[in-house]
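Novice: Okay, so the sequence shown: first residue is 1 according to the UniProt record's numbering, each after it adds one.
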Amino acid sequence: MTKTTNGDLLLKNITAQSPFPICFDDLEKAVAEKMEAGPFGYIRSGAGGEQTLRNNRAAFEKYSIVPRFLNDVSNVDTSIKLFGKTYPTPFLFAPVGMNKMAHDDGELAVVRAAQQLKIPYIQSTVSSYGLEEVAQAAPTATKWFQLYWSTNEEIAYSMAARAESAGFEAIVLTVDTVMLGWREEDVRNQFSPLKLGYARGNYINDPVFMASLPDESFESYVQGVLQNVFHPTLNWENVRELKRRSNLPILLKGILHPEDAKLAIENGIDGIIVSNHGGRQLDGVVGSLDALPAIVKAVNGQIPIILDSGVYRGMDALKALSLGADAVAIGRPFVYGLALDGQHGVEKVMTNLYDELKVSIALAGATSLPALRNITLVKKDGVDEK
Ligand SMILES: Cc1cc2nc3c(=O)[nH]c(=O)nc-3n(C[C@H](O)[C@H](O)[C@H](O)COP(=O)(O)O)c2cc1C
Ligand SMILES: O=C(O)C(=O)c1ccccc1
1 MTKTTNGDLL
11 LKNITAQSPF
21 PICFDDLEKA
31 VAEKMEAGPF
41 GYIRSGAGGE
51 QTLRNNRAAF
61 EKYSIVPRFL
71 NDVSNVDTSI
81 KLFGKTYPTP
91 FLFAPVGMNK
101 MAHDDGELAV
111 VRAAQQLKIP
121 YIQSTVSSYG
131 LEEVAQAAPT
141 ATKWFQLYWS
151 TNEEIAYSMA
161 ARAESAGFEA
171 IVLTVDTVML
181 GWREEDVRNQ
191 FSPLKLGYAR
201 GNYINDPVFM
211 ASLPDESFES
221 YVQGVLQNVF
231 HPTLNWENVR
241 ELKRRSNLPI
251 LLKGILHPED
261 AKLAIENGID
271 GIIVSNHGGR
281 QLDGVVGSLD
291 ALPAIVKAVN
301 GQIPIILDSG
311 VYRGMDALKA
321 LSLGADAVAI
331 GRPFVYGLAL
341 DGQHGVEKVM
351 TNLYDELKVS
361 IALAGATSLP
371 ALRNITLVKK
381 DGVDEK
């Protein structure tokens, strides 16, 4: 339970010695000025004509709150429970690969921020640092491992087993990236972080992957990653086999259809992440928030639902939680914080999201996340109402 206080949460930003961008657009602008076009474009852009990227934002903007008053909102409980553990905020760090593009400390800075703020951290398969190094950097953080399947399945099993031994507490299998999306900005910039070696961390530390290479040259490593990281054969039998081989909860990331959510449950999956990969995979896809209500209905409380893609302010989180998500994951905002000021920048971005969420829950007239579900939301087009 956090006291909302009588105060002005913004004051710490107004008196801050070195001002930090307060919202997503300001953050993106600041990072655009700091980073080179190639890596910045890689992080910012969406696939194709960026319709999915726009749909994500538009989905949040469609909903409006009809607040309630006179409820005593001096204490707000923002805590959540996932797989038996309680966390003070409903945020997670979405898995984002190749963090060295943004800052030399890469994933190490992010997991330290996660430890500090008690926010679960999901490490990407294609991270710059290896999962063992990340575990060592923040031994008490809650860490989950995001798995990209491998063409050579033994590599996937090896990474999942390494994660389990290093103390990671769940496996997040991403299902929407069996091949890379059509990313025009990267072609414009002639930029491929995979080819530059930014995704090395987990591969060069994997004995099964290394044994599969013809030699230890950089070229062989790059070819090995490209051959393995895209895996169009992925299917439900692979999911069942992963489940059989692992003792950890398994989540599927990238679910958008309620029938896939039902299949996930039938196949023994422990949680799902409703996501369109931040608009980076298939263009022309439904905004993740627009996909949420049907999935919430289909899942009917059987497993936790996390949502990502376009959660750029506390109010976005509030809307997703109100529509039935159990938690939300943050992608680009934390990467921009990392690019601007390492661990401190990540903490600043997440703290602002959290502070905005807290004040918004109270001003909407709720005092807990379950209570948020009873808040009235109307859709701009007036069609849907909750
Ligand atoms: C630069 C970048 C790299 C990403 N790498 C991965 C990844 O390795 N694995 C994965 O499952 N998702 C990856 N994602 C997608 C995020 O996990 C998340 O779904 C997305 O960023 C959420 O949208 P948002 O950026 O609008 O918050 C990446 C996203 C970005 C921006
Ligand atoms: O850039 C991404 O969004 C991503 O998820 C990815 C997938 C495979 C290789 C590199 C990055």
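Think of the CB as a built atom: it goes at the ideal place given N, C-alpha and C, for glycine as much as any other residue.
Secondary structure at residue 155, three-state DSSP: helix, strand or coil?
Specialist: Three-state DSSP puts residue 155 in a helix.
Novice: Is the beta carbon of residue 56 less than 8 angstroms from the beta carbon of residue 322?
Specialist: Not in contact: residue 56 and residue 322 (Cβ atoms no closer than 8 angstroms).
Novice: What is the rounded straight-line gap between the Cα of residue 240 and the Cα of residue 255?
Specialist: Roughly 16 angstroms separates the two Cα atoms.
Novice: Would the segment 194-209 and the segment 108-120 be scored as touching if the rule is three or more Cβ pairs under 8 angstroms?
Specialist: The segment 194-209, when compared against the segment 108-120, does not touch it at the 8 angstroms Cβ threshold.
Novice: Which value, in whole angstroms, describes the spacing of the CA atoms of residue 41 and residue 54?
Specialist: When rounded, the distance between both Cα atoms is 16 angstroms.
Novice: Among the candidates 73, 376, 301, 304, whose CA atom is the shortest distance from the CA of residue 319?
Specialist: With distances taken between Cα atoms, residue 319 lies closest to 376.
Novice: Evaluate residue 71 with the Cβ neighbour count: other Cβ atoms within 10 Å of its Cβ, from every protein chain shown; 16 or more gives buried, anything less gives exposed.
Specialist: Exposed: under 16 other Cβ atoms inside 10 Å.
Novice: Could you round the C-beta distance between residue 91 and residue 330 to whole angstroms and report it? I think they count as a contact, below 8 angstroms.
Specialist: Indeed, because the Cβ distance is near 6 angstroms, the residues count as touching under 8 angstroms.
Novice: Where does residue 75 land, buried or exposed, given buried means 16+ other C-beta within 10 angstroms?
Specialist: Residue 75 comes out exposed.
Novice: Residue 201 to residue 8, Cα distance in whole Å?
Specialist: Distance between the alpha carbons of residue 201 and residue 8: 42 angstroms.
Novice: Is the segment 350-369 close to the segment 30-40, with three or more CB pairs under 8 angstroms?
Specialist: No, the segment 350-369 is not in contact with the segment 30-40.
Novice: My understanding is that residue 335 touches residue 102, with C-beta atoms under 8 angstroms, so please give their C-beta distance in whole angstroms.
Specialist: Confirmed, about 5 angstroms.
Novice: Curious, which full-length alpha helix (DSSP H) runs of at least 4 residues does the segment 5-53 contain?
Specialist: Whole alpha helix (DSSP H) segments, 4+ residues: 11-14, 24-34, 37-44.
Novice: Report whether the distance from the Cβ of residue 335 to the nearest heavy atom of ligand 2 is below 7 angstroms.
Specialist: For ligand 2, not one heavy atom lies less than 7 angstroms from the Cβ of residue 335.
Novice: Pairing CB atoms from the segment 205-225 with CB atoms from the segment 274-294, are three or more of them under 8 angstroms?
Specialist: With a cut-off of 8 angstroms, the segment 274-294 and the segment 205-225 do not count as touching, because too few Cβ pairs lie within range.
Novice: Whole angstroms are fine: how far does the CA of residue 19 sit from the CA of residue 13?
Specialist: One C-alpha to the other measures close to 7 angstroms.
Novice: Can you tell me which of 26, 203, 253 puts its alpha carbon nearest to the alpha carbon of residue 176?
Specialist: If we check each option's Cα against that of residue 176, 253 comes out closest.
Novice: Just to confirm, is the Cβ distance from residue 100 to residue 198 under 8 angstroms?
Specialist: A contact, by the Cβ cut-off of 8 angstroms.
Novice: Nearest to residue 281 by CA position, among 298, 49, 113, is which residue?
Specialist: Out of 298, 49, 113, 49 has the C-alpha closest to the C-alpha of residue 281.
Novice: Rounded to the nearest angstrom, what separates residue 337 and residue 131 at their Cα positions?
Specialist: Using only the alpha carbons, I get a separation of about 22 angstroms.
Novice: My parser needs the beta strand (DSSP E) runs of 3 or more residues fully inside the segment 58-102; what are they?
Specialist: Correct list: 63-66, 80-82, 85-87, 91-93.
Novice: Drop a sphere of 10 angstroms on the beta-carbon of residue 98, count the other beta-carbons inside from all chains shown, and report buried for 16 or more, exposed for fewer.
Specialist: Buried is the call here.
Novice: Got a sec? Which residues, its chain only, sit under 7 angstroms from residue 352 by beta carbon, not counting five neighbours each side?
Specialist: 22.
Novice: Against chain B, does residue 128 count as a neighbour if the rule is that its beta carbon must be under 8 angstroms from one of theirs?
Specialist: In the displayed structure, chain B is absent; only one protein chain is listed.
Novice: Rounded to the nearest angstrom, how far is the Cβ of residue 31 from that of residue 95, given a contact under 8 angstroms?
Specialist: Going by Cβ atoms, the distance from residue 31 to residue 95 rounds to 20 angstroms, so no, they are not a contact pair.
Novice: Which value, in whole angstroms, describes the spacing of the CA atoms of residue 262 and residue 124?
Specialist: Whole-angstrom Cα-Cα distance: 25 angstroms.
Novice: Alpha carbon to alpha carbon, how far is residue 230 from residue 127?
Specialist: Those two C-alpha atoms are separated by around 15 angstroms.
Novice: Ends of the beta strand (DSSP E) at residue 379?
Specialist: Where residue 379 is concerned, the enclosing beta strand (DSSP E) stretches over 376-379.
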